[in-house]
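Protein chains: 2
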Amino acid sequence: MQGLASVLAGIPLAALLIGPDQRIAATNPAALDLLGQGIGGRHFLTALRQPDVLTAIESTLRDHAPRRTGYQASDSGRDSSFVVHVAYIDTPESHGVLVCFEDMTEREQAAQMRRDFVANVSHELRTPLTALMGFIETLQGPARRDDKAIDRFLGIMQTEAARMERLVRDLLSLSRVESEERVRPREPVDLSGTIGSVLYMLRPMARERGCEIAFDPVEGIEVPGNADQLQQVFTNLVENAIKYGGAGNHITITIETLDKDVTLRAPGVAVRVRDRGPGIDPLHIPRLTERFYRVDTHRSREMGGTGLGLAIVKHIVNRHRGRLRISSTPGEGSEFMVILPRWTASQG
Amino acid sequence: MQGLASVLAGIPLAALLIGPDQRIAATNPAALDLLGQGIGGRHFLTALRQPDVLTAIESTLRDHAPRRTGYQASDSGRDSSFVVHVAYIDTPESHGVLVCFEDMTEREQAAQMRRDFVANVSHELRTPLTALMGFIETLQGPARRDDKAIDRFLGIMQTEAARMERLVRDLLSLSRVESEERVRPREPVDLSGTIGSVLYMLRPMARERGCEIAFDPVEGIEVPGNADQLQQVFTNLVENAIKYGGAGNHITITIETLDKDVTLRAPGVAVRVRDRGPGIDPLHIPRLTERFYRVDTHRSREMGGTGLGLAIVKHIVNRHRGRLRISSTPGEGSEFMVILPRWTASQG
Ligand SMILES: Nc1ncnc2c1ncn2[C@@H]1O[C@H](COP(=O)(O)OP(=O)(O)OP(=O)(O)O)[C@@H](O)[C@H]1O
Ligand SMILES: Nc1ncnc2c1ncn2[C@@H]1O[C@H](COP(=O)(O)OP(=O)(O)OP(=O)(O)O)[C@@H](O)[C@H]1O
Ligand SMILES: [Mg+2]
Ligand SMILES: [Mg+2]
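Chains as they are written, first to last, in UniProt numbering: chain A, 1 to 348; chain B, 1 to 348.
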């Protein structure tokens, strides 16, 4: 590549050059992605269209002073926002206006996410707290000498406090996984053994709800991972299958090796946790791994859920360079598939 | 400005060009700020010094393929981190390597801040929660029929639950102020009236600790603001003066109009809340407005504090386009000064 086009290609932002004839004289690939593949050579008025940007360019073409303004893009439902930098340039090859688009979307979303997070945490805490405070007051007053009431209230208080404790624990766990997300865990973890111990722990819960769980362990499959975290992954998936699969539910867990998984580009292993419960409406599936997202908040709360389980699962799977796939046919059941890179001899 | 220098000036990142003689042929102001004012014309090896960056530039000079690497800067104790984009350019004026520095510091800090925030919130909640759960268990077991113990425990439980409720309320309040920070509040608020009602509310607390508060209201001073939020500001400042000023403390509150405050560049008003307590070590002063920061965590907790008060004050003052200044002489007392723009006739 030569000339100003080579300079634009070297700028790590969407950038374009408007020549003295007010036409788009050069672009870089990021600018074409943002504004459309066919904008080269067009008059800038027909290519950019947002009044603030047009005014800034016109003014800078006229007085050569640099300017800054905003640009909003929305592509297939996703909103992005940019700070647009407009500057006059004058080189032997050409002169005109250089327009650079600085992407602010991620930064703005981070701020919004933090606010949503605080609002969600506060909301989750407020309900049990209000209940606790109410019971404390009742015990101090009207129920003061009523032994039966005291016992019952203390039981509920314990449940509410345990729910809050679980929320705090899950929040910390999520935060820890996030902070380690770039550090790939490298201990060999035996997959069937891990799943086996999860099932052992969850047996009482499954029995209580009349769930049958079928699992055929496959010996000798190891993944590079963190044993505690992988245990958390399968605990949440199986717990969900028990909780949301309904009574008399059959749960199947299978392990399958993949010689060269397309998405991992390496030997992998797929674990499928399948239930025959009511399933999940496809509308909800893409959002299940968001923090606090629940299809039926009331039902999840009733079972002591915090809505953080699948968010933690997703981050742990990411940290293991794996994939989580969720599929469901309403009325027939759901399948949560975890694909992980397999331990290979060269890693030993 | 002309030539490639004008192009570099139009790029909203630190950027420089290395010519075929391996010397720095052009820079923009952001690059000089980052790398030093004297780098123009120097050999790139002496100006850039970080091995990864040097290797990337050498390779791109040789094979003309674009590259990406990292750069860490630390300036007066502040660490910044950059993604460095290296690309070969070839224009009629010159050829060589364009190096652009994309600043990632803010994004990385945002992620780190969120993790710290979660860790802090969890930590603050865990202590009272553990206490609550312990008392519930004790009431269910050993203290079951001991009326006196029950009364005492319920009292402590109420305090702990109230502390958690306050934390949740303060978190929400902080989050709300942050999300509105760009929307300037525009109602005229009577300053002396606001402070007067704050003092009325805090009178019992001051009396309990033997504090005297002197305040001379100044009539007719209004600021464009949000009355509830300004009330929160002065409540926290006076509450702090009472709590941390010690017994027998004298607190003075003064209002002073500023005809044209230098930092506000407009008519302003300064409110000073001064105490004659033990004061604050200068080391701590810059950090007092951080969330959860306390000089003496134990002492603050004892008084039911969450360490969010001054963080909320700072954000409210920012939203009002004002300034918060903290000064203190250990052993003599502290002064918290809030400067706000004054309501002017043209705003009516
Ligand atoms: N196997 C399943 N069948 C039907 N719905 C499911 C299934 N697994 C998860 N869900 C839905 O996804 C939501 C999110 O699951 P997630 O594990 O993140 O939270 P939770 O189970 O509600 O709470 P927690 O895991 O913190 O106890 C659940 O509330 C439920 O609505
Ligand atoms: N007037 C003062 N004199 C001495 N130290 C002070 C004074 N005001 C604040 N501080 C110190 O600054 C810290 C932060 O104050 P801040 O108002 O943010 O939190 P807090 O008072 O501890 O809790 P909260 O305001 O949430 O009840 C306090 O914990 C205290 O150590
Ligand atoms: Mg779950
Ligand atoms: Mg305070």
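Every residue, glycine too, gets a C-beta built ideally from N, C-alpha and C.
About 6 Å separates the beta carbons of A/N249 and A/R276, which is inside the 8 Å limit, making them a contact pair.
Closer than 7 Å to the CB of B/H85 there is at least one CB belonging to chain A. Close CB contacts of B/V233 within its chain, under the 6 Å cut and outside five residues either way in sequence, are with V313, I316 (chain order).
Close to A/A161, with beta-carbon spacing below 8 Å, are these residues of chain B in chain order: L129, L132, M133, I136.
In the DSSP annotation of this structure, A/Y71 is not part of any alpha helix (DSSP H); the continuous beta strand (DSSP E) holding it starts and ends at 67-75.
Listed in chain order, the positions of the segment 286-307 of chain B with a beta carbon within less than 8 Å of a beta carbon of chain A would be empty, since no residue qualifies. A/R166 has a beta carbon lying at 7 Å or more from every beta carbon in chain B. Between ligand 3 and A/G309, a heavy atom-to-CB distance of less than 6 Å is present. With a threshold of 16 other beta carbon atoms within 10 Å, A/Y88 meets it and is buried.
Here DSSP, grouped into helix, strand and coil, assigns B/P185 to coil. Judged by the Cβ position, B/I285 fails to qualify as a neighbour of ligand 1 at the 6 Å threshold, every heavy atom of the ligand being at least this far. Between ligand 4 and the CB of B/N236, the shortest heavy atom gap is smaller than 6 Å. With at least 16 other beta carbons inside 10 angstroms of its own, A/G268 counts as buried.
According to the DSSP assignment, A/G141 belongs to no beta strand (DSSP E), since it is labelled neither H nor E.
Taking 6 Å as the cut-off, one finds no heavy atom of ligand 1 near enough to the beta carbon of A/D281.
Distance from the Cα of B/G193 is smallest, within the candidate group B/R67, B/T344, B/L230, for B/L230.
Secondary structure at A/M201: helix, using DSSP grouped into helix, strand and coil.
A Cβ of chain A is located within less than 7 Å of the beta carbon of B/A110. In the DSSP assignment, the residues bridged to A/H95 are A/D90. Contact with chain A is absent for B/C211, since none of that chain's Cβ atoms lies less than 7 Å from the residue's Cβ. If the five residues before and after B/I221 are omitted, its C-beta is found closer than 6 Å to the C-beta atoms of L191, V269, all from its own chain and listed in chain order.
When Cβ pairs closer than 8 Å are counted between the two stretches, the segment 202-217 of chain A is seen to touch the segment 236-256 of chain A, the count reaching three or more. DSSP lists A/R272, A/R325 as the beta-bridge partner residues of A/M337. In terms of beta-carbon proximity, B/V7 lines the interface with chain A, with at least one pair separated by less than 7 Å. Close to B/G38, with beta-carbon spacing below 8 Å, lies no residue of chain A; the smallest spacing is near 24 Å. Within a 10 Å sphere around the beta-carbon of B/E108 sit fewer than 16 other beta-carbons, which makes this residue exposed.
Unbroken alpha helix (DSSP H) stretches of 4 residues or longer found wholly inside the segment 6-87 of chain B: 29-35, 44-48, 51-63, given in chain order.
A Cβ-Cβ separation of about 11 Å leaves B/L139 out of contact with B/I156 under the 8 Å criterion. Around the beta-carbon of A/T344, fewer than 16 other beta-carbon atoms lie within 10 Å, marking it exposed. The alpha-carbon of B/I195 is positioned some 58 Å away from that of B/L98. In chain order, A214, R274 place their CB closer than 6 Å to the CB of B/T252, counting only its own chain and leaving out the 5 sequence neighbours on each side. Judged by DSSP in its simplified three-state form, B/L191 adopts helix.
Residue contact check for A/M104 against chain B: no CB pair falls below 7 Å. In this structure, ligand 2 has a non-hydrogen atom nearer than 6 Å to the beta-carbon of B/Y244. Between B/A26 and B/L8, the C-beta gap is smaller than 7 Å, which places the two residues in contact. Contact annotation: in the segment 22-36 of chain A, no residue has its CB less than 7 Å from a CB in chain B.
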